[in-house]
Amino acid sequence: MKLLVVEDEVKTGDYVRQGLTEAGFIVDLARTGLDGHHLALTGAYDLIILDVMLPDVDGWRIVQALRDAKSSTPVLFLTARDSVEDRVKGLELGADDYLVKPFAFSELLARVRTLLRRGAASAFQDKLQVADLVLDIPRRRAERQERRITLTNKEFALLELMVRRQGEVLPRSLIASQVWDMNFDSDTNVIDVAIRRLRAKIDDDFEPKLIHTVRGMGYMLDVTLPD
Ligand code: CA
1 MKLLVVEDEV KTGDYVRQGL TEAGFIVDLA RTGLDGHHLA LTGAYDLIIL DVMLPDVDGW
61 RIVQALRDAK SSTPVLFLTA RDSVEDRVKG LELGADDYLV KPFAFSELLA RVRTLLRRGA
121 ASAFQDKLQV ADLVLDIPRR RAERQERRIT LTNKEFALLE LMVRRQGEVL PRSLIASQVW
181 DMNFDSDTNV IDVAIRRLRA KIDDDFEPKL IHTVRGMGYM LDVTLPD
């Protein structure tokens, strides 16, 4: 799951990004309203956390631009202003929830999880399964043949993407954009290394093999081999 955080306060931005990354999310952080506006409209995010008070383009304009573009990406506002009018304005413009600063990280994480669940009720399932591979999304656990497989956050994110898009060939550029943040240089062989490690954990001791290399194109996860 990939999130965008738009926050001009350096400490808050770093704190939120670090916490969400540790919780297993892929996080892009925009430190200005302009960058946030651009990323929100061009990136594929599962949720956007938006500071209201930004020095250039404020959070209200960003959520308005998103809704004008018919985007239904859930938006959680962070606001230092605790006035009723501000909350109402944010919700009227199409924000899904708000959190008043200062907040506890656990509170933010709970809101994020609730919004993700609500936002994609049909697509979002707690458990995903391909053959005997089962992913428990909220607990970030993977198992095959009921044996627990320990994965890093990055490996889990990669596997979750592949399972959600079972049977599709995923180019490295797509994997890079969904599993790494915007600063990632996709020319490196980091993706191939990550796939190799994941495969060792998911496939080496089990049958059928699930992760396949599609030469010249990318990778796919499925029960059967690609043609
Ligand atoms: Ca701010």
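Taking full-length UniProt numbering, the leading residue of the sequence shown gets 1, the next gets one more, and so forth. For every residue, glycine included, the Cβ atom is placed at its ideal position computed from N, Cα and C.
(1) For Gln129, name the three-state secondary structure that DSSP assigns.
(2) If Tyr98 sits next to Arg87, beta carbons under 8 Å apart, how far is it from one beta carbon to the other, in whole angstroms?
(3) Restricting to Cα atoms, I'd like to know which of Gly36, Lys11, Glu9, Thr32 is closest to Leu3.
(4) For Thr12, which three-state DSSP category applies?
(5) Taking only heavy atoms of ligand 1 into account, decide whether any of them is closer than 8 Å to the Cβ of Ala40.
(6) Run the proximity test for Glu7: is its beta-carbon closer than 8 Å to any non-hydrogen atom belonging to ligand 1?
(7) Could you check if Asp14 belongs to the surroundings of ligand 1, using beta carbon to heavy atom distance under 8 Å?
(8) Can you grab the Cα-Cα spacing for the pair Ala142 / Lys127, in whole Å?
(9) In three-state terms, what does DSSP make of Ile211?
(10) Applying the criterion that 16 or more other CB atoms from any shown protein chain within 10 Å of the CB defines a buried residue, is Ala104 buried or exposed?
(11) In chain order, which alpha helix (DSSP H) runs of at least 4 residues are fully inside the UniProt domain "OmpR/PhoB-type" (125-223)?
(12) Just verifying my parser: in three-state terms, what is the DSSP assignment at Phe77?
(13) Suppose you measure from the CA of Val27 to the CA of Asp192; what does that come to, to the nearest Å?
(14) In angstroms with no decimal places, state the Cα-to-Cα distance between Lys11 and Asp204.
(15) Between the region 50-65 and the region 167-181, can you find at least three pairs of beta-carbon atoms closer than 8 Å?
(16) I'd like the span of the alpha helix (DSSP H) that includes Lys89, first residue to last.
(17) By Cβ distance below 8 Å, which residues in the same chain neighbour Val130 in space, the five residues on each side in sequence not counted?
(18) Would you call the CB atoms of Gly218 and Val169 closer than 9 Å?
(19) CB of Ala30 to nearest heavy atom of ligand 1: below 8 Å?
(20) Skipping 5 residues on each side, what residues in its chain have a beta carbon closer than 7 Å to that of Tyr45?
(21) Indicate whether Leu135 and Leu159 have their beta-carbon atoms separated by less than 9 Å.
(22) Just to check, is the beta-carbon of Met182 closer than 8 Å to a non-hydrogen atom of ligand 1?
Taking the definition as stated:
(1) If DSSP states are grouped into helix, strand and coil, Gln129 belongs with the strands.
(2) 6 Å
(3) Out of Gly36, Lys11, Glu9, Thr32, Gly36 has the C-alpha closest to the C-alpha of Leu3.
(4) In this structure, DSSP gives Thr12 a helical state, which the three-state scheme calls helix.
(5) no
(6) yes
(7) no
(8) 10 Å
(9) strand
(10) exposed
(11) As far as the UniProt domain "OmpR/PhoB-type" (125-223) is concerned, its whole alpha helix (DSSP H) runs of at least 4 residues are 153-164, 172-179, 190-202.
(12) strand
(13) Rounded to whole angstroms, Val27 to Asp192 spans 21 Å at the Cα level.
(14) 42 Å
(15) no
(16) 84-93
(17) Val163, Gln166, Leu210, Leu221, Asp222, Val223
(18) yes
(19) no
(20) Lys2, Leu3, Leu4, Thr73
(21) Yes; because the gap between Cβ atoms is below 9 Å, this pair is in contact.
(22) no
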